[in-house]
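So the sequences go chain by chain: A and B.
Positions 1 to 420 (the working numbering) are the ones given, in order, by the first sequence.
Positions 1001 to 1138 (the working numbering) are the ones given, in order, by the second sequence.
The beta carbon of each residue, even a glycine, is placed where N, CA and C say it ideally should be.
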Amino acid sequence: MAKKLSRGVAVVGVGMSKFGVFPDKTSRDLFVEAFQELRQSVQKGFDPKDIEAFYMGNFTSDHFENQAHLAPIVASWVGISPVASTRIEDACASGGVALRQGVLAIASGEVDMVLVGGLEKMTDLPGAKVTDALALAADSLFEIPAGFTFPGFYAAMATAYIDQYKADPDALLRVGVKNHQNGALNDKAQFNQTIRDVMIGKQRKAEQKGLPVPQWEDEMAFLKDSKSNPMIAWPLRLFDCSPVSDGAAAVLLVSEELAEKFTDEPIFVVGSGQASDGALAERSSLSEVPAASKASKRAYEMAGLTPDDIDFAEVHDCFTIAEIMATEDLGFFPRGEGWKAAIDGRTARDGSHPINTSGGLKSKGHPVGASGVGQVVEVWKQLHGLAGERQLRGNLKYALTHNVGGTGQTCVVHIFEKRN
Amino acid sequence: MTDQALHSKAFNQAIAEDLLIGSHCLVCGNISIPQRQICPNCHSDQVERIQTKGLGTLAAFTVIYVPPTNMADAGYNAKNPYCVGIVSLEEGPRISAQIVGLDLSDPASIKIGMPLKQTSVMRGEGEAAKKFLAFEPA
Chain A
1 MAKKLSRGVA VVGVGMSKFG VFPDKTSRDL FVEAFQELRQ SVQKGFDPKD
51 IEAFYMGNFT SDHFENQAHL APIVASWVGI SPVASTRIED ACASGGVALR
101 QGVLAIASGE VDMVLVGGLE KMTDLPGAKV TDALALAADS LFEIPAGFTF
151 PGFYAAMATA YIDQYKADPD ALLRVGVKNH QNGALNDKAQ FNQTIRDVMI
201 GKQRKAEQKG LPVPQWEDEM AFLKDSKSNP MIAWPLRLFD CSPVSDGAAA
251 VLLVSEELAE KFTDEPIFVV GSGQASDGAL AERSSLSEVP AASKASKRAY
301 EMAGLTPDDI DFAEVHDCFT IAEIMATEDL GFFPRGEGWK AAIDGRTARD
351 GSHPINTSGG LKSKGHPVGA SGVGQVVEVW KQLHGLAGER QLRGNLKYAL
401 THNVGGTGQT CVVHIFEKRN
Chain B
1001 MTDQALHSKA FNQAIAEDLL IGSHCLVCGN ISIPQRQICP NCHSDQVERI
1051 QTKGLGTLAA FTVIYVPPTN MADAGYNAKN PYCVGIVSLE EGPRISAQIV
1101 GLDLSDPASI KIGMPLKQTS VMRGEGEAAK KFLAFEPA
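Laid out in structure tokens, this is it:
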């Protein structure tokens, strides 16, 4: 049974940069943007001098920006030196793990206020080098020599999933369509347009150039056309993959007893769980992510909640199949039902289990170290009724974030509660 | 004398000799492929190296059209894709490997569960040529 936190932890402010491609900005510039937005979000304000620790998720600035030892530099750029500053690296789960370290630091009683950051500046490298940098998260002795890429790993999981549950592969495309619909309503999203918008854009472009205008019956036909949506790693196509992105996000944590000094509407971290696993081939099942189930079990136990209590979730949809597996690993749907839920619209904003209202990694963008922290920004917005056109209806109380490193070698899950 | 090395490089060194190795725990009987110095089941260090039969079935696969640098250098690209899969070995564990000898023009025709046997592929040219683990239809 997971233990409770030794003392409560509250989120009192969040911020994020826009996610996208920013040739003129470095990761520290993007984090400055996120930090400035965070300052604005703290209802009663706070003094950055009161920050006692900084945990920063970043996968590999070493390769993306030729810069290691990034945490103290970023701390300096937001003016919080000499605060203890630590970079956390757990591949694409770096941000979520940084959040967990911040939560544990406050729960320990050693510090009262922690800044959690996530940042990645990926687009300075050419595409092939980005693929190689991401591949560093796989096992260099036994997976890379086989020829795997990250789309390849998730594609292999997709074949295992589709085979085991006789799933309709259209479910994958549906995840992309849904997440783009959500991202179209998020001005921070890298692709804030629907797949239909993308399709119409391609037709207009052809028209303007005087080329034959491609015709598709609907967006599903567009997604099944190998010209408009090329195969990357069968059965995953381009629009099944999250993009290469630049971006940063920030969250301010304080101890529960201090929360009302900063805001009348804190959200509380009531569950935190993390688990690890070996290489993909070593797992008991290839059609699920065991570490996600284990991490979420701990988080649910700590929170004293069940999957049915969760009003909405931000999950790690680095690839469309990942979202389908996540909705099962987190217990929202029984095994083998996730694909049907995606097709039936049960994960849409008006569905029984809204997933990735922000647009997810797929549409919002996936600056890998920032993604796990960016998820908390959406949780904050939804729980405070600040999500604009994509705002969920009804009384929202519990939200969950799910952040995965690699193919599931790391998984970290958090549960948040709004009490008033 | 047969090499009994269990260190992490031993697996790929064995592949160079067309051997697919693992480890067998003398305490609980657990088999690990690739080999482990500590049994992941009972944590004993009483483990011995074993040689597998190199037989298995296809558990998961993909056909890769956008290769990483190591595979692009070996001549693969969107028009010349390759299949990589996860193979369930007869001994129990699974392993990642390139799958050769398949018709890649229609990936849907590749069937999970199909029997496979160990082979190898050479990648790179001349002195840089290196042997890698692969499987082919049995």
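Going by C-alpha distance, which of A:Phe46, A:Glu120, A:Asp47 is nearest Asn66 (chain A)? A:Glu120
Kindly identify the DSSP beta-bridge partner or partners of Trp234 (chain A). B:Val1063
Over what stretch of residues does the beta strand (DSSP E) that includes His414 (chain A) continue unbroken? 410-418
Below 8 Å, how does it come out for the segment 347-365 of chain A and the segment 67-84 of chain A: are there three or more Cβ pairs, yes or no? no
For a cutoff of 7 Å on Cβ pairs, would you count Pro1115 (chain B) as touching chain A? no
Spell out whether any CB of chain A is found under 7 Å from the CB atom of Met1001 (chain B). Model confidence at Met1001 (chain B) stands at a pLDDT of 42, short of 50, so the residue's coordinates are unreliable; what they give is reported in the following sentence. No, no contact with chain A.
Output yes if chain A places a C-beta closer than 7 Å to the C-beta of Phe1135 (chain B); else output no. no
Please give me, in chain order, every unbroken run of the alpha helix (DSSP H) with length at least 4 that falls completely inside the segment 294-331 of chain A. 320-329
Gly147 (chain A): contacting residues in chain E (beta-carbon distance under 7 Å): Looking for chain E here will not work: the only protein chains present are A and B.
Out of A:Val251, A:Asp170, A:Cys241, point me to the one whose CA is closest to Phe31 (chain A)'s CA. A:Val251
Indicate whether Leu461 (chain A) and Phe319 (chain A) have their beta-carbon atoms separated by less than 7 Å. Given that chain A is displayed from residue 1 to residue 420, the structure contains no residue 461 (chain A) and the question cannot be resolved.
Kindly list, in the order they appear in chain B, the residues whose Cβ is closer than 7 Å to that of Gly152 (chain A). Thr1062, Ile1064, Val1084
Using a 10 Å radius around the Cβ and a threshold of 16 neighbouring Cβ atoms, would you call Gln1046 (chain B) buried or exposed? So Gln1046 (chain B) ends up on the exposed side.
Using alpha carbons as the reference points, say which of B:Asn1070, B:Leu1089, B:Ile1095 lies closest to Ala133 (chain A). With respect to the C-alpha of Ala133 (chain A), the residue from B:Asn1070, B:Leu1089, B:Ile1095 having the closest C-alpha is B:Asn1070.
Does DSSP put Leu252 (chain A) in a helix, a strand or coil? Strand.
Is Arg87 (chain A) helix, strand or coil by DSSP? strand
Write down the C-beta distance between Ala34 (chain A) and Ala248 (chain A) rounded to the nearest angstrom, noting that I regard them as a contact closer than 8 Å. 4 Å
Cβ-Cβ distance between Ala299 (chain A) and Gly278 (chain A) below 7 Å: Contact: no.
Chain A residues whose Cβ lies nearer than 7 Å to that of Ala1059 (chain B): Ala160, Leu286
How big is the Cα-Cα spacing for Val315 (chain A) and Gly1126 (chain B)? 47 Å
Nearest CA to the CA of Gly1054 (chain B): which residue from B:Cys1039, B:Gly1022, B:Ala1060? B:Gly1022
Using 8 Å for Cβ pairs, my map puts Ile1015 (chain B) next to Lys1131 (chain B). What's the rounded Cβ distance? 6 Å
Here's the rule I'm using: 16 or more other beta-carbon atoms within 10 Å means buried, otherwise exposed. How should Ala1081 (chain B) be labelled? Correcting the residue identity first, residue 1081 (chain B) is Pro in this sequence and not Ala. That one is buried.
For chain B, check one thing: does any of its Cβ atoms lie closer than 7 Å to the Cβ of Ile324 (chain A)? no
Min CB distance Met231 (chain A) to chain B below 7 Å: yes
Compute the distance between the beta-carbons of Pro266 (chain A) and Val12 (chain A), then report whether it is under 7 Å. yes
Thr131 (chain A) and Val21 (chain A) - do their beta-carbons sit closer together than 7 Å? 7 Å or more divides the Cβ of Val21 (chain A) from the Cβ of Thr131 (chain A).
According to the Cβ coordinates, are Ala342 (chain A) and Ala171 (chain A) closer than 7 Å? Their beta carbons are under 7 Å apart, which means Ala342 (chain A) touches Ala171 (chain A) by this criterion.
With distances taken between CB atoms, is the gap from Phe262 (chain A) to Val42 (chain A) smaller than 7 Å? Against a cut-off of 7 Å, the Cβ pair of Val42 (chain A) and Phe262 (chain A) comes out as a contact.
Which word fits Ala370 (chain A), buried or exposed, when buried means at least 16 other C-beta atoms lie within 10 angstroms of its C-beta? buried
Reduced DSSP secondary structure (H/G/I, E/B, other) of His1024 (chain B): strand
With a threshold of 7 Å between beta carbons, is Leu320 (chain A) in contact with chain B? Reading off the sequence, residue 320 (chain A) comes out as Thr, not Leu. Not one chain B Cβ lies under 7 Å of Thr320 (chain A).
Listed from N- to C-terminal order along the chain, which residues in the segment 264-289 of chain A have their beta-carbon within a distance smaller than 9 Å of any beta-carbon of chain B? Gly278, Ala279, Leu280, Ala281, Glu282, Arg283, Leu286, Ser287
Consult DSSP for Pro48 (chain A) and reduce its assignment to one of helix, strand or coil. helix
Interface residues of chain B facing Trp234 (chain A) [CB-CB closer than 7 Å]: Thr1062, Val1063, Pro1107
Note down, in chain order, every chain A residue with its Cβ under 9 Å from the Cβ of Arg1094 (chain B). Leu280, Ala281, Glu282, Arg283, Leu286
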